[in-house]
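Have a look at the structure below before the remarks.
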Amino acid sequence: KEWYNRFKDGRLSVESEPRSGRPSTSKNDAIIDQVRNLVMPNRRITIRDL
Numbered sequence: 001k002e003w004y005n006r007f008k009d010g011r012l013s014v015e016s017e018p019r020s021g022r023p024s025t026s027k028n029d030a031i032i033d034q035v036r037n038l039v040m041p042n043r044r045i046t047i048r049d050l
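Residue numbers (the UniProt record's numbering): 1 to 50.
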C-alpha cells in the first residue's frame with residue numbers, strides 16, 4: 001500500500017532517494033574486495049576482528 005501511494009502521488013522511480021548522513025561504504029568495490037580477502041581464508045572471523 002505504501003508503494004502504491006507513492007506512485008499515485010507522482011513518484012516515478014523505485015530507486016531509493018539520497019539520504020543525508022554518512023554514506024554506506026559496503027557498496028564500494030574496494031571495500032568489498034578487502035572484506036572478501038579477510039573473510040575467505042578464515043570464515044569464522046568476527047565483525048570485531050574485522
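Beta carbons are placed, not taken as given, at the ideal position from N, Cα and C, and that holds for glycine.
Residue i versus residue j: straight-line alpha-carbon distance, rounded
i: residue 19; j: residue 27; result: 15 Å
i: residue 15; j: residue 33; result: 25 Å
i: residue 35; j: residue 9; result: 41 Å
i: residue 42; j: residue 13; result: 40 Å
i: residue 17; j: residue 48; result: 31 Å
Sequence-distant residues of the same chain with beta carbon closer than 7 Å to residue i, five excluded per side
i: residue 38; result: 45, 50
i: residue 6; result: none
| Unbroken stretches of the alpha helix (DSSP H), 4 residues or longer, contained in the region 15-50 | DSSP runs (the alpha helix (DSSP H)) wholly in the region 15-50: 29-39.
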